[in-house]
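A.B. asks: Sequential numbering of the sequence shown, starting at 0, is according to numbering that gives the first Met the number 0.
Have a look at this one.
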Amino acid sequence: MVNYETIPKVMTLCESTRFKNQFLEVNKKLTLEGVIVLMPGVFAHNDDEKLTPEQKERLDLLHKRKIDLSDGIFVINVNGYIGESTQSEIEYAQQRRKIVEYYEK
C-alpha cells in the first residue's frame, strides 16, 4: 500500500534561463529537501545559444508540460525580475490550480 504522506512533492522551477546558476542552486537545495525537481534542459540566454523560433516554441511547450506533471512551480525571483515567459508560466500554473511558491534571490 502506498503511503501518500511520504510521496515527494514534484515542483518545476521557473525563471529566465539567463539565471542558470540560480536554477542549479535551487535545484540542489530542493532536491536535498526531498523534492523532485523539474527544470529547463536548455539555458539559451545564459549560454548565448541561438534558438530558432520553432525551437523556442518547442521548449516553451515542454516546460508547460513539466508544469502539468508537477504539483506546482517554484519561481526563482532574482532581484525582483519576472519576465514575460515566467509570468505566462505562473498564470498557466494558476489556471491549473497548481502550487505557486517563490524564492527571492
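We put the beta carbon where it would ideally sit given N, CA and C, even for glycine.
(1) Could you check what DSSP says for T11 in three-state terms: helix, strand or coil?
(2) Does DSSP put N78 in a helix, in a strand, or in coil?
(3) Got a sec: is the Cβ-Cβ distance from A92 to anything in chain D below 7 Å?
(4) Which whole-angstrom value is the C-beta distance of F42 and I75, which I expect to be below 8 Å?
(5) With the cut-off set at 7 Å, would you say H44 and R17 are in Cβ contact?
C.D. replies: The structure says:
(1) The three-state secondary structure of T11, taken from DSSP, is strand.
(2) coil
(3) Here chain D cannot be found, since the structure has a single protein chain.
(4) F42 to I75, Cβ: 13 Å. No contact.
(5) yes
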